[in-house]
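Chemist: Quick note: the sequence shown uses our numbering, first residue 15, plus one each step.
Note that the Cβ used here is the ideal one computed from N, Cα and C, for glycine as well.
So that we are looking at the same thing, I have put the structure below in structure tokens.
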Amino acid sequence: MPRDDRRAEFLRFPWSVWRFLQWQSLTAPAGSEAESTVGTPGDPERHVIDREDPIVLAPGTRVERDGDTLVFSSTLGRVTIAGPAVAWAARLVEVVDGRRPVWEVRRILGPTPASYWPVLTQLAGTIVRVSPELVERLERALPGAEISRFPRSPYAIQRNYWRNQIHVRELISSGLTAAVASGAAFVEFLRELHLAAIVGEDLATFYRPESEIANVRLEPGALYEERPRIWAPEPERARFLDTLSALHGDGSGAGPERFAVVPGWAGLCYFPPRPLTDGHFDALAEPLRAALAGTDPATTLEALARFHARFVRLHPFACVNQSLAMNLVNHLLRRSHAGYLPHLLLDYCAMALSEPSYARLLATAVREHLVPLAGAGDVYAAFRGKHERMERFNQRLAALPDVAAAVALVRAEPDEARLALLAPH
């Protein structure tokens, strides 16, 4: 090949795609040392620190040598470090200044053994924390509770996921009205949103979802054309879904051919319809047009329920489906209800119920869990309490002998049942 042709190939090469593929191949599954460190048992909340995050020391941080160990302490607790890390870990208190990101701290420390990430994991939350200023900036742009299933702490949210969801919202705000004009336009819009959710506005803010399929099938903007299985393995989830169907008197949302026990798989599997067709995306665009044109909150909410149910049942992408669907739903809930919803178990509910039943359930979710845009208070503390109550109730359901006993418990304790989205009908 002539030299000029080879030069032209380099100039045309999609280097941003290459960087993504390189990152994907070099990083292990989500939560690995290559991506982030997840906090210590001493921190009551999961504390995620990403490589790009500026980090600070917790209030009152001190480090003391005790024989062959280092003892770090702060107002939040104590952590003991032993082994090879003792040779370098004490310098952390000199290098961490609230501005430097994790990668720069490591560079300044010089050659560190493989213990760097494990040590940072031990210290995360109790001694070393993500800069509060960073978290506050993200929170102002898009509340973390709005992009979480069960909000517990803003420090538990992967920052690249958060940044990318902010960009997804910007795209929704500017492009939704035009995108829902037709199914053909909407599918291309969804692919753009999916791309943004995984690689960000700059095509370099990479995010790997925690779902298992993301470890083998992380394809930004690509539709999931195969017939996938969605796994709901926890026993309490299976009992929750059975009870939900019994209370609403239908299981027609999913149908026995698509929501079933599969030999060799624990729990329930849901089978989205395939092949994907233009009609599927027409059916997604229609309720969003109705929601945009809605003249009252009730009409808008019913349209949003139709959209969300159809989207999660269709499962158009290998991953990030619920995040995209709820970003769209919350964008419109903000307009119609001056608030937003955490993701909760709404995707499970939408798969299990018919559209009319799911519309009633979404109305219950709004009554029980809507976060008002004004005067919300400490949303994370409120949802920690709610989540604990919901989990206790679901665990009690799972321990009962059958669905009839579960329905009886729901009717006996309607307040707890409504909180868990099991309002009787």
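In three-state DSSP terms, what is Tyr284?
Modeler: In the structure shown, Tyr284 sits in a strand (DSSP, three-state: E or B).
Chemist: What's the C-alpha gap between Leu137 and Pro146?
Modeler: About 16 Å.
Chemist: Classify Trp102 as buried or exposed, calling it buried when 16 or more other Cβ atoms lie within 10 Å of its own Cβ.
Modeler: Its Cβ being crowded by 16 or more others within 10 Å, Trp102 is buried.
Chemist: Return the CA-CA distance between Leu338 and Asp80, expressed in angstroms with no decimal places.
Modeler: So the alpha carbons of these two residues sit roughly 50 Å apart.
Chemist: Should the segment 151–160 be regarded as contacting the segment 315–326, the criterion being three or more beta carbon pairs within less than 8 Å?
Modeler: No, because fewer than three Cβ pairs between the segment 151–160 and the segment 315–326 fall closer than 8 Å, the two stretches do not touch.
Chemist: On the criterion of 16 or more Cβ atoms from any shown chain inside 10 Å, does Pro330 qualify as buried, or is it exposed?
Modeler: Buried, since its Cβ has 16 or more Cβ neighbours within 10 Å.
Chemist: Please check the pair Ile95 and Arg143, which I expect to be a contact at CB under 8 Å, by giving their CB distance rounded to whole angstroms.
Modeler: Wrong, their Cβ atoms sit about 17 Å apart, outside the cutoff.
Chemist: By Cβ distance below 6 Å, which residues in the same chain neighbour Leu152 in space, the five residues on each side in sequence not counted?
Modeler: The residues are Trp176.
Chemist: Ala72 and Ile122: beta carbons closer than 9 Å?
Modeler: Cβ distance not < 9 Å, so Ala72 and Ile122 don't count as in contact.
Chemist: Comparing C-alpha positions only, which one of Ala419, Leu346, Asp310, Phe164 sits nearest to Asp361?
Modeler: The shortest Cα separation from Asp361 among Ala419, Leu346, Asp310, Phe164 belongs to Phe164.
Chemist: In whole angstroms, what is the alpha-carbon distance linking Ala312 and Leu298?
Modeler: The straight-line gap from Cα to Cα measures roughly 19 Å.
Chemist: Measuring straight from C-alpha to C-alpha, what distance separates Arg303 and Ala364?
Modeler: So the alpha carbons of these two residues sit roughly 20 Å apart.
Chemist: Just the C-alpha distance for Glu108 and Ser87, rounded to the nearest angstrom, thanks.
Modeler: Each residue's Cα considered, the two are about 15 Å apart.
Chemist: Arg349 to Ser188, Cα distance in whole Å?
Modeler: The straight-line gap from Cα to Cα measures roughly 14 Å.
Chemist: Take Ala305 and list the residues in its own chain whose beta-carbon comes closer than 6 Å to its own, dropping the five residues that flank it on each side.
Modeler: Contacts found: Thr314, Ala317, Leu318, Leu346.
Chemist: Out of curiosity, what's the CA-to-CA distance linking Ala420 and Gly293?
Modeler: Cα-Cα distance, rounded: 38 Å.
Chemist: Unbroken alpha helix (DSSP H) runs of length 4 or more, entirely within the segment 311–359: which are they?
Modeler: Counting only runs of 4 or more, we get 311–328, 335–351.
Chemist: Note down, in chain order, each residue of its chain lying with its Cβ closer than 7 Å to the Cβ of Leu387, except the 5 sequence neighbours on either side.
Modeler: Within the same chain, Leu387 has close Cβ partners Arg348, Ala352, Gly353.
Chemist: Consult DSSP for Leu71 and reduce its assignment to one of helix, strand or coil.
Modeler: Three-state result, Leu71: strand.
Chemist: Classify Ala210: buried if its beta carbon has 16 or more other beta carbons within 10 angstroms, exposed otherwise.
Modeler: Buried, by the Cβ-count rule.
Chemist: On the criterion of 16 or more Cβ atoms from any shown chain inside 10 Å, does Ala379 qualify as buried, or is it exposed?
Modeler: Classification of Ala379: buried, given that the 10 Å Cβ count is 16 or more.
Chemist: Quick one: using the 10 Å Cβ neighbour count with 16 as the cut-off for buried, is Asp429 buried or exposed?
Modeler: Looking at its Cβ environment, which holds fewer than 16 other Cβ atoms inside 10 Å, Asp429 is exposed.
Chemist: How long is the line joining the alpha carbons of Glu215 and Asp296, rounded to whole angstroms?
Modeler: Their Cα atoms are separated by approximately 27 Å.
Chemist: When DSSP builds the beta bridges, which residues end up paired with Phe86?
Modeler: For Phe86, which the question treats as bridged, DSSP gives the partners Val77, Val93.
Chemist: For my contact list, Asp64 and Asn174 are in at a C-beta cut-off of 8 Å; report their separation, rounded to the angstrom.
Modeler: With 8 Å as the limit, Asp64 and Asn174 qualify as a contact, their Cβ atoms being about 6 Å apart.
Chemist: In whole angstroms, what separates the C-alpha of His383 from that of Phe24?
Modeler: If you take the alpha carbons of His383 and Phe24, they lie about 53 Å apart.
Chemist: Please determine, among Leu84, Glu184, Arg21, the residue with the shortest C-alpha to C-alpha distance to Asn341.
Modeler: Of the listed residues, the one whose Cα sits closest to Asn341 is Glu184.
Chemist: Compute the beta-carbon to beta-carbon distance between Trp29 and Glu66, rounded to the nearest angstrom, for a pair I have assumed lies under 8 Å.
Modeler: The Cβ separation is near 20 Å, so there is no contact.
Chemist: Taking just the CA atoms, how far does Thr191 sit from Gly235?
Modeler: Approximately 20 Å, taken between the alpha carbons.
Chemist: For Ala437, does the three-state DSSP call read helix, strand or coil?
Modeler: Ala437: coil per DSSP, three-state reduction.
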